[in-house]
Structure formats: structure tokens, C-alpha cells
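**Q** Under my numbering, residues 456 to 756 are what the sequence shown spells out, in order. I'd like to ask you about the structure that follows.
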Amino acid sequence: MDVWILFTLLACSIQALRTVLQKSMVSQTSVIAATYVRFLFGLPIIVFSFCAYIFYNNSDLPSIQISFIAYASVGGLAQLLGNGFLLYLLSFSNFTVGTTYTKTEVIQTAFIGYIVLGELVSTLSFFGIILAFFGIAMLASQSGSVTIKNNVSTPHYKAAICGILVGTFYALAAVFFRSAMLSLDSNDLFMTSLATLAWVTFIQVFLMTMYSLYSSQALWAEVMNNKLLGLWIALTGITASACWYIAFNIQKAAYVMALGQFELVVVFLVSTFWLKERMSARQIIGVSLTVIGIIAVVLTS
Numbered sequence: 456m457d458v459w460i461l462f463t464l465l466a467c468s469i470q471a472l473r474t475v476l477q478k479s480m481v482s483q484t485s486v487i488a489a490t491y492v493r494f495l496f497g498l499p500i501i502v503f504s505f506c507a508y509i510f511y512n513n514s515d516l517p518s519i520q521i522s523f524i525a526y527a528s529v530g531g532l533a534q535l536l537g538n539g540f541l542l543y544l545l546s547f548s549n550f551t552v553g554t555t556y557t558k559t560e561v562i563q564t565a566f567i568g569y570i571v572l573g574e575l576v577s578t579l580s581f582f583g584i585i586l587a588f589f590g591i592a593m594l595a596s597q598s599g600s601v602t603i604k605n606n607v608s609t610p611h612y613k614a615a616i617c618g619i620l621v622g623t624f625y626a627l628a629a630v631f632f633r634s635a636m637l638s639l640d641s642n643d644l645f646m647t648s649l650a651t652l653a654w655v656t657f658i659q660v661f662l663m664t665m666y667s668l669y670s671s672q673a674l675w676a677e678v679m680n681n682k683l684l685g686l687w688i689a690l691t692g693i694t695a696s697a698c699w700y701i702a703f704n705i706q707k708a709a710y711v712m713a714l715g716q717f718e719l720v721v722v723f724l725v726s727t728f729w730l731k732e733r734m735s736a737r738q739i740i741g742v743s744l745t746v747i748g749i750i751a752v753v754l755t756s
């Protein structure tokens, strides 16, 4: 198994655990607080991990260029904006429409990766990405109500546009994270990944702290009252992010994002075989298309 595949699957698994922990915290606090702890408590974890790696391996620090700071900062901001629009999407009654369009993130990643890095995906991989998108879209929509006619009508188009923006910002984040790591003058895969994650997390903590000081003083109380759960969210979040970054460092962002869609497939399979929930014909087709698309991407990568 290629290393990037292993780290992508690890990232998906750990991210799923982080999501469960965040949902648990959301039942006690605001969504913003559950998001903030991931970065606030995660920053010392990643800084310590980076320093420990440098010390243990007696490695030299890479020289930091303006391009690295720019790429990593833009990526961190894009990820936060993606999270923000996703939270905004939750306020729509037709959330399903928007959720379906967030799944365009893989296709958008392929195009943005070409524009920013000049990285092309193979023809078969692109068809695999398209197949996976339709499969995930079927799983996300679940019912047959998500149609072009519905999506261009009011108020559906607002949710659709919001969903596309979520996908755009997540795609930008993935490509710019990869760009930041590739801009460092070091062949040490783990060091460049950890260095990028440390800088991105710092930027995100800074931006969210400024936001919290401006918008809500109660946010700090929510965070401090849930320190233990927050630490677990941060630990799983940083670990998942480190795995994502390593995968992005090795392979084109579009391929990594495509394989990352396997997380939703796993969720449906667990629901079916463990929780004994029945899958509809639509869901079975969606899972099948997604798996075929992912296999096409992996085999041609």
C-alpha cells in the first residue's frame, strides 16, 4: 500500500472520532466553542510535537520563505471560511441541497491544483473523481429531492451556492497546504508537514481569538468549562490533520481528497452492518459509485 493511502485512511478514521467528540461537546456548548478548542488546545500539541521531532532527529530547521507564510496563511484562512460557511449552511431548512454541493470539493481541488501548482490528474482519475462525486451526492441527498430544477429555485439556490463555497474554500485549503509544504527547502516529509501544520494552527488560533474577543466573551467560559473534552478534541484533531498534511505532502491534493470521501462510505456501511439500519436502493448505488470512483483514482495515482 502506498504511504499516502495509509495516511489518508488514518486521517479519515481519526477525523471521524474527532467529529463524534465535537458533537458531544456541541450538546453542552456552542458550535464555535467546539471548533475553537480544536485549534486552541491543538496549538501547544503540534508545537511540542514539531520541537520533539526536530530534537530527536537532530534536524535542521528549514528556511522559511515568504511564499511558505503566504501559502500556509491563505490555506488556514480558507479552512476557517469553509468551516464558517458550513456552520451557516446548518441554518438552512434545505440543508440537504447545500450538503450535496459541498461534495464538489474534490472536483474543485483538481482544478485549483492545476491553476496553482500546474498538477494535472489523469483522464481515468478525473472520471473516477466525477463518479465518486455523484456517489457521495446520492448519499448526501438520500432522497430524490435534490434536482437541478429545485436547486436553481428560491430558496434552494442560496443553499446550493453556500455549499459550493464550502467546497471551494476546502479545496483552496488543501491545495495551499500542499503548496506551503512543497515550498520548504527540505526533503524531510514529516518535518515539513509538522512545520506547516504548526504555522497554520497558529494563524487559525490568532484569527479565532480575535473573532472571539470581538463577538463573544462567553466563548472563553465555554472553552474552560470543557477543558478535558476539549483536549481530546484537540488531540484527535491535530493527529488527523497531521495525517492529512503528510498525505498532501506526498500526493496531489485531488487524489487525497477523493480517497478521503471513503469516510462517508464507511459511515453508511457501519450503519448497515453494525447498527442494522436498512440501506435504500439509492444509497446502495451511491456507495457503489463512490467505491468504483475511489478505486479508479487509487489505481491511476
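From the three backbone atoms N, C-alpha and C, an ideal C-beta is built for every residue, glycine too. Just so you know, these numbers come straight off a predicted model, no measurement behind them.
I'd like to know whether the C-beta atoms of Tyr491 and Met636 end up nearer to each other than 7 Å.
**A** Mapped onto the sequence shown, residue 491 falls at position 36. Mapped onto the sequence shown, residue 636 falls at position 181. Against a cut-off of 7 Å, the Cβ pair of Met636 and Tyr491 comes out as no contact.
**Q** In angstroms with no decimal places, state the Cα-to-Cα distance between Phe657 and Phe523.
**A** For the purposes of this step, residue 657 is taken as residue 202 along the sequence shown, with counting starting at 1. For the purposes of this step, residue 523 is taken as residue 68 along the sequence shown, with counting starting at 1. Distance between the alpha carbons of Phe657 and Phe523 is about 14 Å.
**Q** Would you kindly report the start and end of the unbroken alpha helix (DSSP H) that includes Glu560?
**A** As a position in the sequence shown, residue 560 is number 105, starting the count at 1. Glu560 -> alpha helix (DSSP H) spans 560-572.
**Q** Spell out a yes or no on whether the stretch 643-657 and the stretch 694-714 are touching, meaning 3 or more CB-CB pairs, one atom from each, closer than 8 Å.
**A** Because the criterion of three Cβ pairs below 8 Å is met, the stretch 643-657 and the stretch 694-714 touch.
**Q** Would you decide whether Leu461 is buried or exposed? Buried here means 16 or more other CB atoms lie within 10 Å of its CB.
**A** Within the sequence shown, residue 461 is the residue found at index 6, counting from 1. The residue is exposed, with fewer than 16 neighbouring Cβ atoms inside 10 Å.
**Q** Would the stretch 676-687 count as touching the stretch 529-538 if we require 3 or more Cβ pairs under 8 Å?
**A** The answer is no - the stretch 529-538 does not touch the stretch 676-687, with fewer than three Cβ pairs under 8 Å.
**Q** Should Ile603 go down as buried or exposed, given a rule of 16 or more other Cβ atoms within 10 Å for buried?
**A** Position 148 of the sequence shown holds residue 603. Model confidence at Ile603 stands at a pLDDT of 46, short of 50, so the residue's coordinates are unreliable and nothing is read from them.
**Q** Mind reading off the beta-carbon distance from Ile570 to Ala713? Whole number of angstroms is fine, and I expect it under 8 Å.
**A** Counting from 1 along the sequence shown, the entry for residue 570 is found at position 115. Counting from 1 along the sequence shown, the entry for residue 713 is found at position 258. At roughly 18 Å, the Cβ-Cβ gap does not stay under 8 Å, so Ile570 and Ala713 are not in contact.
**Q** Given Ala709, which residues of its chain have a CB within under 6 Å of its CB, disregarding the five upstream and five downstream residues?
**A** As a working mapping, residue 709 is identified with position 254 in the sequence shown. If we look at Ala709 and ignore the five residues flanking it on each side, its Cβ neighbours are Thr564, Ala565, Gly568, Val576.
**Q** Is there contact here, the stretch 619-636 with the stretch 517-532, by at least three beta-carbon pairs under 8 Å?
**A** Flag = yes, the stretch 619-636 and the stretch 517-532 touch.
**Q** Going along the chain, which residues of its own chain have a beta-carbon closer than 8 Å to the beta-carbon of Phe540, five neighbours each way excluded?
**A** Indexing the sequence shown from 1 puts residue 540 at position 85. Correct list, in chain order: Cys617, Leu620, Val621, Phe624.
**Q** Can you give the beta carbon distance from Ala695 to Ala489, rounded, assuming they're within the 8 Å contact cut?
**A** For the purposes of this step, residue 695 is taken as residue 240 along the sequence shown, with counting starting at 1. For the purposes of this step, residue 489 is taken as residue 34 along the sequence shown, with counting starting at 1. Rounded, the Cβ-Cβ distance is 15 Å, inconsistent with contact.
**Q** Where does Lys478 fall in DSSP's three states?
**A** Taking the first residue of the sequence shown as position 1, residue 478 is located at position 23. If DSSP states are grouped into helix, strand and coil, Lys478 belongs with the helices.
**Q** Whose CA, out of Ile519, Thr557, Trp687, Gly530, lies closest to the CA of Ile500?
**A** As a position in the sequence shown, residue 500 is number 45, starting the count at 1. Closest by alpha carbon: Trp687.
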